[in-house]
Amino acid sequence: MPDHFIIQLMGLENKNVQLIKHSIEKDTCHLHIQLKRKKHTCPHCQTGINRMRDYRTHLFQHLKMAEKRVYIHYWKRRYLRER
Numbered sequence: 001m002p003d004h005f006i007i008q009l010m011g012l013e014n015k016n017v018q019l020i021k022h023s024i025e026k027d028t029c030h031l032h033i034q035l036k037r038k039k040h041t042c043p044h045c046q047t048g049i050n051r052m053r054d055y056r057t058h059l060f061q062h063l064k065m066a067e068k069r070v071y072i073h074y075w076k077r078r079y080l081r082e083r
């Protein structure tokens with residue numbers, strides 16, 4: 001199944017969302033997503049930030065689909081502020 005179809009089906013349709021991997025088990029479906037990398041702006045000094053500090057995974061439970069629980073694992077980047 002194409003990745004873009006899964007993203008559209010879950011209502012996560014955004015050109016910046018990437019599906020990293022997905023797995024379907026007995027009664028659950030796990031989707032691992034992340035946003036495409038881009039340059040961000042520091043909220044304090046308004047300069048561009050591109051260096052990453054680390055990643056964090058946030059787990060969300062989505063609506064049931066075909067009697068399976070759907071979990072979204074959002075792989076969030078944390079940027080390092082340049083001084």
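Sequential numbering from 1 applies to the sequence shown in the UniProt record's numbering. We put the CB at the ideal spot given by N, CA and C, even for glycine. A quick note: this is a predicted structure, and the numbers were derived from the prediction, not measured.
Length of the line joining the Cα atoms of residue i and residue j
i	j	result
ALA66	GLU25	13 angstroms
GLN18	LYS39	16 angstroms
HIS44	ASN16	24 angstroms
ARG78	THR47	16 angstroms
MET1	ARG51	Because MET1 sits at a pLDDT of 46, beneath the cut-off of 50, its placement in the model cannot be relied upon, and the following sentence gives the value as read from the coordinates. C-alpha separation (whole angstroms): 34 angstroms.
Cβ distance (whole Å) where residue i is taken to contact residue j below 8 angstroms
i	j	result
MET73	HIS32	Inspection of the sequence shows that residue 73 is occupied by His rather than by Met. Confirmed, about 5 angstroms.
LYS36	HIS58	Not confirmed; about 17 angstroms, so no contact.
TYR71	HIS30	5 angstroms
Test item: CB-CB of residue i and residue j under 8 angstroms
i	j	result
THR28	LYS68	yes
LEU80	ARG53	yes
GLN34	ILE20	yes
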